[in-house]
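Comments concern the structure below.
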Amino acid sequence: MSAPPRELRVDGLSHAFGRDEVLAGIGFRLPAGEVAALVGPSGCGKTTLLHLAAGLLTVQQGRVSNTFATTAFMFQQPRLLPWQSALDNIALGLKAAGMKCDERHYRAHDIALRLGLAHRDLDKFPHQLSGGMQSRVALARALVLAPDLLLLDEPFSALDVGLKEELYRLLLDHQADREMGVLMITHDLMEAVRLSDAILVMAPEPGRIVCRFELSVPAARRDDAWVYRHTAELLQTAAVRESFGLPPAMPGAGERGAEAPAPARPVSALRLVVPAEPVPAARGGSRCGG
Ligand SMILES: Nc1ncnc2c1ncn2[C@@H]1O[C@H](COP(=O)(O)OP(=O)(O)OP(=O)(O)O)[C@@H](O)[C@H]1O
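In terms of my numbering, the sequence shown is residues 70 to 359.
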């Protein structure tokens, strides 16, 4: 019998903290090789959803099924162990898996250099590293596990624009090499347009996915102009504006005045799938795989 396809599948997922219903009827599928961004206003439940997908929270209602072999999670803050060197922080998961010291240090060293850390940085402790270096260590700690599913909670939000671009490239190279599935929370629509194959837009109270955009041009072929144009386009859509509580777009916003000759409008590479697949809420919660 052939192995089931590698995917993260969420069906009818609802969640409450006490009496506060935070998520309602969430459903989506993330196949191997796809990068999906979760966007939505602050407090709409993105982190809660990612924690449920990662198994860091118990599923109350609905189903999370993860058939990827190895899942890694990268938090918004690097969360490095202050008493361990950068190298040991990167190798932490390998140590927990029982890998011998030489082998795990070899692997940690290899991924660290690929992510732009220098030999001399690897003996340093977290307080001796810059914020950008700490972020690289955190990304290396996730990637050294050779995950085929990577869950990211705003991993790049504290980085400068140059470092972001560099880590985007490293992440995309790694993702393409390994056909990784990536589910990433971001507050930055431009980052979502830069990196994702699909953008899931959430609305609040309770948190739910209101639409999904699919981006047809591969991330490696998107230049700055493409990203700016499609971010602007995304921001003009009613679903995104409503979700973020923005007023409706002015008719013709972003277009040239009537007297100016209209340039040929490029065909959009952004496809709106709305509403996101409606998924009936199942009674009771279940989680499998991962
Ligand atoms: N452990 C918890 N106990 C009680 N309420 C919680 C807990 N974690 C989150 N919440 C509440 O759940 C709601 C969603 O929080 P969550 O962090 O998932 O949102 P978010 O969309 O990730 O927000 P942000 O974009 O600001 O990080 C918020 O109202 C928050 O106060």
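All residues carry an ideal CB built from backbone N, CA and C; glycine is no exception. Please read these numbers as outputs of a predicted model, since none were measured by experiment.
Delimiting residues of the alpha helix (DSSP H) encompassing residue i
| i | result |
| --- | --- |
| Cys280 | Careful: Cys280 lies outside any alpha helix (DSSP H), inside the beta strand (DSSP E) at Arg277 to Leu284. |
| Gln305 | Asp293 to Gln305 |
| Val246 | The residue asked about is misnamed: residue 246 is Asp in this sequence, not Val. Residues Val230 to Arg247. |
| Ala123 | Lys115 to Ala123 |
Neighbourhood of residue i by C-beta, 8 Å cutoff - its chain only, sequence neighbours within 5 removed
| i | result |
| --- | --- |
| Trp295 | Val286 and Ala338 |
| Leu150 | Asp157, Asn158, Leu161 and Pro195 |
| Phe137 | Arg75, Glu76, Leu77, Ala101, Pro216, Asp217, Leu218, Gly250, Gly358 and Gly359 |
| Arg290 | none |
Same chain only: Cβ atoms within 6 Å of residue i, ignoring 5 sequence neighbours per side
| i | result |
| --- | --- |
| Ala261 | Ala106, Val108, Thr255 and Ile268 |
| Arg340 | Glu283 |
| Met249 | Asp217 and Leu219 |
Rounded C-alpha distance that separates residue i from residue j
| i | j | result |
| --- | --- | --- |
| Gln197 | Ser83 | 42 Å |
| Leu156 | Gln203 | 11 Å |
| Glu90 | Leu99 | 24 Å |
| Leu239 | Val309 | 29 Å |
| Pro224 | Ser71 | 35 Å |
| Ser226 | Arg148 | 15 Å |
| Asp80 | Gly96 | 4 Å |
| His178 | Lys169 | 14 Å |
| Ala333 | His243 | Only weak support exists for where Ala333 lies, its pLDDT of 42 falling under 50; the coordinates are left without a value. |
| Leu304 | Lys164 | 44 Å |
| Met253 | Lys115 | 9 Å |
Residue range of the unbroken beta strand (DSSP E) whose run includes residue i
| i | result |
| --- | --- |
| Leu221 | Leu218 to Asp222 |
| Met319 | That residue, Met319, is in no beta strand (DSSP E); it is neither H nor E in DSSP. |
| Ala85 | Glu76 to Phe86 |
| Arg132 | Gln130 to Asn135 |
Beta-carbon spacing of residue i, residue j below 7 Å
| i | j | result |
| --- | --- | --- |
| Met143 | Ala211 | yes |
| Arg189 | Val213 | no |
| Pro110 | Phe313 | yes |
Sequence-distant residues of its chain with Cβ nearer than 7 Å to residue i (five each side left out)
| i | result |
| --- | --- |
| Glu103 | Gly250, Asp266 and Ala267 |
| Leu184 | Arg205, Leu208, Ala209 and Leu239 |
(message) Report the start-end ranges of each alpha helix (DSSP H) in the segment 143-201 that is 4 residues or longer and not cut off at the edges.
(response) 155-159, 161-165 and 170-183
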